Amino acid sequence: MRQILIAGSIALFFSLFGTPVLIRFLARRGYGQIIRDDGPSSHHTKRGTPTMGGIIIIFSAAAAYFIAHLLTGNAISTSALLVLGLMASLGFVGFLDDWLKVSRQKSLGLNAKQKILGQVLFAAAFGYLGIHFPDGDGLTPISQNLSTVRDTSIVLGTALVVVWVVLMVTATSNGVNLTDGLDGLATGAAVMTFIAFILIGVWEFGQSCAVSPGANCYLVRDPLDLAVLSAALAGSCAGFLWWNASPAKIFMGDTGSLALGGALAGIATSLRIELLLIPLGGLFVIISASVILQVVYFKITGGKRIFKMAPLQHHFELMGWGEVTIVLRFWIIAGLCVAAGLGLFYAQWVSN
1 MRQILIAGSI ALFFSLFGTP VLIRFLARRG YGQIIRDDGP SSHHTKRGTP
51 TMGGIIIIFS AAAAYFIAHL LTGNAISTSA LLVLGLMASL GFVGFLDDWL
101 KVSRQKSLGL NAKQKILGQV LFAAAFGYLG IHFPDGDGLT PISQNLSTVR
151 DTSIVLGTAL VVVWVVLMVT ATSNGVNLTD GLDGLATGAA VMTFIAFILI
201 GVWEFGQSCA VSPGANCYLV RDPLDLAVLS AALAGSCAGF LWWNASPAKI
251 FMGDTGSLAL GGALAGIATS LRIELLLIPL GGLFVIISAS VILQVVYFKI
301 TGGKRIFKMA PLQHHFELMG WGEVTIVLRF WIIAGLCVAA GLGLFYAQWV
351 SN
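Numbering (the UniProt record's numbering), first residue to last: 1 to 352.
This is how it looks when you write it as structure tokens:
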């Protein structure tokens, strides 16, 4: 627990006090957000707000994780290193997208195919490497079994594991990216999900087969260290949220949204709670679903729309809701989804 508190506190400190330094650096160089002309008109006041804030989120979380291990003398786990690598690599894809936008002064960075290709390649590498590096008990960072709230008896095999991980990572990273449309919305929702991962990681460690053998014990390679990484990510996002809340002084950009999505999917996969990510990240799922429904309905009906605009948060903006009101209400939804996910996780353990 001490290492979890250290990692979270250090990440919060770095992010809280490092973000204004990054804001000044980006502002001096004119690296401001480019606003789409077809978006809500109220967003045009945000034009020029520094973007690429995901840089500080990634740095703070990674630095806090390693410093916490240095201070406590505990070993760094392969599982956490793989998740950090996935987060950093997807952050790099997002950074290229953000950089092209600000350098061209247009809202067009990487095209959709280029962005998806980058996500698929790095997610596939994460999935393939994750089924290697067994520990002394033969546990690898990623299981070859499909997991819900824990591993099931359904064996996927190497190829399907990689495909499944690619689907999870691309869906989650794009879900966070779609949610990142209002000040603080995606950041606040991510904090809640990472806190849930802390609780799950600590519980899985306490009830692991190595610590508490039994019919209901957990076979997870590095649950406690993944909780440490989750604490670093929660602290990093919380510190960034101070400056990202309305009115935002900085945006995370695709650098942050793709990185956070990768971290969420990577930790869920490594904790063996893959399908539990659906309720835990419920807000991201709802907002992604709104885009899918809008596109499908538009094509089926020849131009009609379900929502005034997708993603869903912009529909409520066009209905006249204030930005802060939307964010707070969506945070409530995110909190309820996280609570439901934790309830399902605990209920499964109790039922057995």
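For each residue, glycine too, the CB sits at the ideal point set by N, CA and C.
Note that this is a predicted model, so its numbers are computed, not measured.
Using the rule of at least 16 other Cβ atoms within 10 Å of the residue's Cβ for burial, across every protein chain shown, is residue i buried or exposed?
{"i": "Ser351", "result": "exposed"}
{"i": "Ser288", "result": "buried"}
{"i": "Phe251", "result": "buried"}
{"i": "His44", "result": "In this predicted model, His44 has a pLDDT of only 44, less than 50, meaning its place in the structure is not dependable enough to derive any value."}
{"i": "Met192", "result": "buried"}
{"i": "Val155", "result": "exposed"}
{"i": "Ala186", "result": "buried"}
{"i": "Ala75", "result": "exposed"}
{"i": "His132", "result": "exposed"}
{"i": "Leu12", "result": "buried"}
{"i": "Ala68", "result": "buried"}
{"i": "Leu86", "result": "buried"}
{"i": "Val295", "result": "exposed"}
{"i": "Pro134", "result": "exposed"}
{"i": "Ile300", "result": "exposed"}
{"i": "Ala347", "result": "exposed"}
{"i": "Gly73", "result": "exposed"}
What residues in its chain sit with their C-beta under 7 Å from that of residue i, if we drop five residues either side in the sequence?
{"i": "Asn177", "result": "Asp254, Ser257, Leu258 and Gly261"}
{"i": "Ala112", "result": "none"}
{"i": "Asp98", "result": "Thr51, Met52, Gly109, Gly253, Asp254 and Thr255"}
{"i": "Val285", "result": "Gly175 and Ile278"}
{"i": "Gly127", "result": "Ile142, Val161, Val162, Val165 and Val166"}
{"i": "Leu71", "result": "Ile6"}
{"i": "Ser41", "result": "The pLDDT assigned to Ser41 is 49, lower than 50, so where the model puts this residue is not dependable; a value taken from the coordinates is nonetheless given after this. None."}
{"i": "Tyr31", "result": "Pro50, Thr51, Met52 and Val102"}
{"i": "Leu342", "result": "Ala196 and Leu199"}
Who does residue i pair with in a DSSP beta bridge?
{"i": "Tyr218", "result": "Ser208"}
{"i": "Ser147", "result": "Asp151"}
I'd like to know whether the C-beta atoms of residue i and residue j end up nearer to each other than 8 Å.
{"i": "Phe197", "j": "Ser230", "result": "yes"}
{"i": "Val93", "j": "Val166", "result": "no"}
{"i": "Leu182", "j": "Gly130", "result": "no"}
{"i": "Ser60", "j": "Ser173", "result": "no"}
{"i": "Lys64", "j": "Ala263", "result": "It is Ala, not Lys, that sits at residue 64 in the sequence shown. No, they are not a contact pair."}
{"i": "Ala123", "j": "Thr158", "result": "no"}
{"i": "Thr19", "j": "Trp331", "result": "no"}
{"i": "Phe240", "j": "Ser9", "result": "no"}
{"i": "Phe307", "j": "Ser290", "result": "yes"}
{"i": "Ser270", "j": "Glu323", "result": "no"}
{"i": "Met168", "j": "Ala234", "result": "no"}
{"i": "Val220", "j": "Glu204", "result": "yes"}
{"i": "Ala248", "j": "Leu283", "result": "no"}
{"i": "Leu226", "j": "Gly206", "result": "no"}
{"i": "Gly91", "j": "Gly118", "result": "no"}
{"i": "Ile56", "j": "Leu96", "result": "no"}
{"i": "Ile326", "j": "Gln313", "result": "yes"}
{"i": "Ala210", "j": "Asp137", "result": "yes"}
Give the secondary structure of residue i by DSSP, where H, G and I count as helix, E and B as strand, and everything else as coil.
{"i": "Ile131", "result": "coil"}
{"i": "Thr140", "result": "coil"}
{"i": "Leu96", "result": "helix"}
{"i": "Ser41", "result": "With a pLDDT of 49 at Ser41, under the threshold of 50, the predicted position of this residue should be treated as unreliable, and no value is reported."}
{"i": "Ile195", "result": "helix"}
{"i": "residue 373", "result": "Outside the modelled stretch of the chain, which goes from 1 to 352, sits residue 373, for which no answer is possible."}
{"i": "Arg2", "result": "helix"}
{"i": "Met168", "result": "helix"}
{"i": "Trp242", "result": "helix"}
{"i": "Asp180", "result": "coil"}
{"i": "Asn352", "result": "coil"}
{"i": "Asn174", "result": "helix"}
{"i": "Ala75", "result": "coil"}
{"i": "Trp321", "result": "coil"}
{"i": "Ala189", "result": "helix"}
So that I know if they touch, is there some Cβ in chain D lying closer than 8 Å to that of residue i?
{"i": "Val295", "result": "Note that chain D does not occur in the displayed structure, where there is just one protein chain."}
Less than 6 Å between C-beta atoms, sequence neighbours within five positions excluded: which residues of the same chain meet that for residue i?
{"i": "Asp222", "result": "Ser77 and Ser79"}
{"i": "Leu275", "result": "Thr148"}
{"i": "Asp151", "result": "Ser143, Asn145 and Arg272"}
{"i": "Arg2", "result": "none"}
{"i": "Leu318", "result": "Lys308 and Met309"}
{"i": "Ala340", "result": "Pro279"}
{"i": "Leu199", "result": "none"}
{"i": "Asn216", "result": "Asn352"}
Can you list, in chain order, the residues of its chain whose CB lies under 8 Å from that of residue i, leaving out five sequence neighbours each side?
{"i": "Ser344", "result": "Before going further, note that residue 344 is Leu rather than Ser in the sequence given. Same-chain partners within the cutoff: Val149, Leu276 and Pro279."}
{"i": "Leu297", "result": "Before going on, a small fix: residue 297 reads as Tyr here, not Leu. Excluding sequence neighbours, Tyr297 sits near Lys304, Arg305 and Ile306."}
{"i": "Ala88", "result": "Ile58, Ala62 and Ala259"}
{"i": "Ser212", "result": "Gly206"}
{"i": "Val338", "result": "Met192, Thr193, Ile195, Ala196, Pro279, Leu280 and Gly282"}
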